[in-house]
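Data block below; observations after.
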Amino acid sequence: EKVYVNGKIVPHQEAQISIFDRGFLFGDGVYEVMVQIGDSFFYGQEHLNRLIDCLKKINLDFDVSTLPKEVEKLLVASKLEGKDSLVYIQVTRGVAIRKHAFPKTTKPTVIMYAIPFTLPSINQKSIATITTTDNRWHRCDIKATSLLGNVMANDQAAEQGMYESIFIRDGKVTEASHCNVFFVKNDIVYTHPADTYILNGITRQIVIQLCKKLHIEIREEAILKVNMVTMDEAFLSGTTTQIASIGRINNHYYSADGTVGPITKKLQQAFLKLKE
Ligand code: PDD
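According to full-length UniProt numbering, the sequence shown is numbered sequentially starting from 6.
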């Protein structure tokens, strides 16, 4: 496997990052995950725009305008030109002697890799989830590489054979460890507002657009944990998850046999059309 490190494409065994890289020492960096379907990126510009936004939010001065060309080179080197694949991009604040305050003259470190990845046609089956306390910091709108809160929560789900961990902050559902969360009640779709407590997922934004297009009422309002069990349907959204029906949260089942609810199904079908 070839990887990209600061303008060079090398076999991953030969790639080198300094142990003084602030991404390594502090998690001082941001990242993106996007997928190529055939020969174009699925909402690629939106992913790049979010990267620009996040860089700005952490005061990291890096020009992303050269990235699309570099991604193309990486895809060619990885023999993934025109093939379904996943691209990971990470920009950190670079290499400096370990001091908390930002170094003034360091050059950002950019790494990327591309791997074959085919999005499943759509998840027919509902998935199982648990809830955990949202122990993360208060700037979840920043797609930071420091994901300890997320990986700890997801591992807790995995240990119980579940797919995702749904975060609860102050009694409200925020999002999940690597997905956004939606609920449906009386044909109205609910999701947490895009404030600093969630990552404003690109897939989340697509779902909101699809609701509007399909004349399904959408409200960006947080659902209380105690009201989760009163909802008709629940689903997750994310780049690799797409739209996945939630069949179970803890010991509550939305449907006994794991069937996908009607609104979730409608949105999944409309989402599938976008990929054509
Ligand atoms: N996860 N919330 C969190 C905390 C996420 O990490 C992600 C994405 C999402 C969904 O965002 P999007 O629809 O733009 O993928 C929501 C990526 C895929 C990951 O870390 O692998």
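No residue lacks a Cβ here, since even glycine has one placed at the ideal position from N, Cα and C.
Three-state class that DSSP yields for residue i in the structure shown
i	result
GLU281	coil
PHE47	coil
SER70	helix
HIS52	helix
GLN210	helix
GLU25	The sequence shown places Phe at residue 25, not Glu. Note: PHE25 maps to coil in three-state DSSP.
THR136	strand
LEU229	strand
PHE31	helix
VAL234	helix
PHE240	strand
VAL38	strand
VAL81	helix
VAL76	helix
LEU124	coil
PRO108	coil
THR264	coil
LEU215	helix
CYS59	helix
LYS270	helix
Beta-bridge partners of residue i, as assigned by DSSP
i	result
PRO16	LYS7
MET117	TYR9 and ILE94
ARG224	TYR195
ILE251	ILE132
TYR258	ARG253
VAL100	ASP26
Rounded C-alpha distance that separates residue i from residue j
i	j	result
HIS257	TYR168	15 Å
LEU153	ILE94	18 Å
LEU65	PRO113	8 Å
LEU30	THR110	18 Å
MET236	ARG98	43 Å
SER23	THR244	30 Å
ASN140	ARG174	8 Å
ILE42	VAL265	25 Å
GLU6	HIS220	45 Å
PRO108	TYR202	28 Å
LEU241	GLU75	31 Å
SER90	PRO121	4 Å
HIS52	CYS59	11 Å
SER45	LYS78	14 Å
GLN247	ILE127	8 Å
ALA106	GLN214	40 Å
GLU281	VAL234	35 Å
ILE102	GLU238	50 Å
ILE205	GLN18	Checking the sequence, you will find Asn at residue 205 rather than Ile. Taking the straight line from one Cα to the other gives about 34 Å.
TYR195	PHE188	5 Å
TYR36	SER151	10 Å
ASP33	ILE268	39 Å
TYR118	ILE14	9 Å
PHE67	ASP26	16 Å
ASP192	LYS271	12 Å
ILE171	TRP142	16 Å
LEU72	ALA133	37 Å
LYS148	ILE63	10 Å
LYS177	GLN21	42 Å
Let me have the residue list for ligand 1: C-beta closer than 6 Å to any non-hydrogen atom, ordered along the chain.
-> Checking every Cβ against the heavy atoms of ligand 1 under 6 Å gives VAL38, ASN155, GLU180, HIS183, CYS184, ASN185, LEU204, GLY206, ILE207, THR208, ARG209, SER242, GLY243, THR244 and THR245.
Sequence ranges, alpha helix (DSSP H) only - wholly within the segment 149–197, length at least 4 = For secondary structure counted as the alpha helix (DSSP H) over 4 or more consecutive residues, the segment 149–197 holds these complete runs in sequence order: 153–164.
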